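The sequence shown lines up with residues 44 to 152 when you count with our numbering.
Think of the CB as a built atom: it goes at the ideal place given N, C-alpha and C, for glycine as much as any other residue.
Since the model is a prediction, treat every value here as computed from it, not as a measurement.
Below you'll find the structure, written out as structure tokens, and then a few comments.
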Amino acid sequence: MSTHVWKIHKDDNVMILVGKDKGKIGKVVKILRSKKQVIVEKANMVKKHTKPNPYNNQPGGIVEKEMPVDVSNVQLVCNACSKPTRVGYKFTDDNKKVRYCKKCNETIS
């Protein structure tokens, strides 16, 4: 088991930092914790050739789908300042642990 702290959650807006989609902003659709990767909406698109499957009523052809991106290659985009930022943790007055933007100190929901 890895003890990696996941500062990026599902439905967060993230910016891709490297690769062919550098600078794109998208929403995290899925997190693959065992591989330390995330799938970002409409980013890292590839074309997959699929065979027709008559049992599932699937036609064959070329399908575009999103592929995973390593979590180290994405950075959370703050809702308040709308900039890619590092994430910190702090406790609120009622002892609830929340994430916050390191640039503008706003809490991230």
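Boundaries of the beta strand (DSSP E) in which residue i is found, first to last residue
i: residue 106; result: 104-109
i: residue 133; result: 130-134
i: residue 145; result: Element bounds for residue 145: n/a, residue is neither H nor E.
Same chain, Cβ closer than 6 Å to residue i, five either side skipped, listed in chain order
i: residue 67; result: 59 and 86
i: residue 102; result: 95
i: residue 82; result: 72, 73, 109 and 111
i: residue 131; result: 143 and 145
i: residue 106; result: 91 and 93
Beta carbon of residue i nearer than 9 Å to that of residue j
i: residue 47; j: residue 74; result: no
i: residue 70; j: residue 56; result: yes
i: residue 91; j: residue 108; result: yes
Same chain, Cβ closer than 7 Å to residue i, neighbours up to 5 away in sequence not counted
i: residue 61; result: 116
i: residue 121; result: 128, 144, 146, 147, 149 and 151
i: residue 98; result: none
i: residue 134; result: 140
Cut-off 8 Å between Cβ atoms - residues of its own chain near residue i, not counting five sequence neighbours on either side
i: residue 49; result: 74, 76 and 114
i: residue 65; result: 59
In chain order, each beta strand (DSSP E) run of at least 3 residues that lies wholly inside the stretch 47-114
56-59, 68-75, 80-83, 88-93 and 104-109
Within the chosen definition, does the stretch 83-98 reach the stretch 109-121 through at least 3 CB pairs nearer than 8 Å?
yes
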